[in-house]
Amino acid sequence: MVLYFTSTAVEPPATIYVGKDKFENEELLRYGLERDVWFHVDKLSSAHVYLRLPPNIESWETIPEALVNDCSQLVKANSIEGNKKANITIIYTPWSNIKKTGDMAVGAVTFFNDRKVKRFHIKEKDNAIVNRLNKTKKEVQVDHEAERQERLRDEGRVKKAKAIEDKKAQQAEQKRRKEEAEARDYSKLYSAEAMEEERRRKEERRLAKLDGNASGSGDDHQDDGMDSDDSFM
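In this text, residue positions in the sequence shown follow the UniProt record's numbering: the first is 1, and each later residue adds one.
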């Protein structure tokens with residue numbers, strides 16, 4: 001059995017879930033999600049509490065403090081020893097950072113990277129928070145393998161849809177570049193044609209001018225016997 005809670009410390013509300021016993025905790029360790037965050041009392045036994053990050057929270061490092069506090073209070077309330085103590089530390093890390101080997105006791109874990117473990121200090125139990133969360137508690141019999149398969153199918157559909165969108169975007173970009181290239185080529189072609197037309201017109205004007213000069217050359221010059229001013233009186 002898995003216990004599900006709903007935290008209204010954020011909007012939209014976040015899902016928190018807990019293994020009912022150490023054997024269920026083993027199943028949760030095996031079937032967790034990349035966006036799950038694991039909470040536990042530091043150096044004491046406690047329930048394994050998981051936060052499933054809502055879509056609007058980008059990463060485990062940016063969880064609002066109010067939501068961290070909800071998860072931490074739930075951990076404390078579900079620790080026989082930790083629930084009796086003040087000033088305890090809660091540790092939390094992404095599910096993917098939890099390391100479990102075959103020689104470990106049931107429920108025992110370590111971490112791949114200790115630097116990816118954060119700590120949250122609790123002075124005392126906050127009954128108001130614990131009571132609010134307990135009012136949302138649901139006990140569910142979970143088929144973890146069936147959930148995993150359904151999750152894989154969902155992820156496959158999302159990846160396929162994204163691949164289609166990416167391909168459409170790529171095709172649109174290729175079309176845009178092609179049209180720009182064709183426009184540049186047309187512009188060059190148009191410029192060449194315009195230059196050739198201008199050259200042709202200039203040549204026509206030049207020839208017309210030459211023809212005009214040739215036709216009027218006999219009338220423009222008469223010899224009056226006074227072409228030279230070299231003689232002196």
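Built from N, CA and C at the ideal position, the CB exists for glycine as well.
Remember, predicted model here, so these are calculated numbers, not experimental data.
I129 counts as buried, since no fewer than 16 other beta carbons sit within 10 angstroms of its beta carbon.
With a cut-off of 8 Å on Cβ pairs, the stretch 97-111 is not in contact with the stretch 64-78, counting fewer than three such pairs.
Here S7 is not near D103, since their CB atoms are 8 Å or more apart. The beta carbon of P94 sits closer than 7 Å to the beta carbons of V37, W60 and K116 from its chain, once the five residues preceding and following it are set aside; these are given in chain order.
I98 and K162 have their C-alpha atoms roughly 29 Å apart. Assignment of D36 by DSSP, reduced to helix, strand and coil, places it in the strand class. Setting aside the 5 residues that flank it on each side, T15 is surrounded in the same chain by R52, each with a C-beta closer than 6 Å to its C-beta; the list follows chain order. The three-state secondary structure of I164, taken from DSSP, is helix. Rounded to whole angstroms, the separation of the alpha carbons of R199 and A181 is 27 Å. Here V49 is buried. Its C-beta has 16 or more other C-beta atoms within 10 Å. Contact between L33 and G19 is absent: CB atoms are separated by about 15 Å, not below the 8 Å threshold.
E27: member of the alpha helix (DSSP H) spanning K22 to Y31, first to last residue.
Secondary structure remark: continuous beta strand (DSSP E) runs of at least 3 residues inside the UniProt domain "NFACT RNA-binding" (1-111), in chain order: 2-7, 14-19, 36-41, 49-52 and 88-94.
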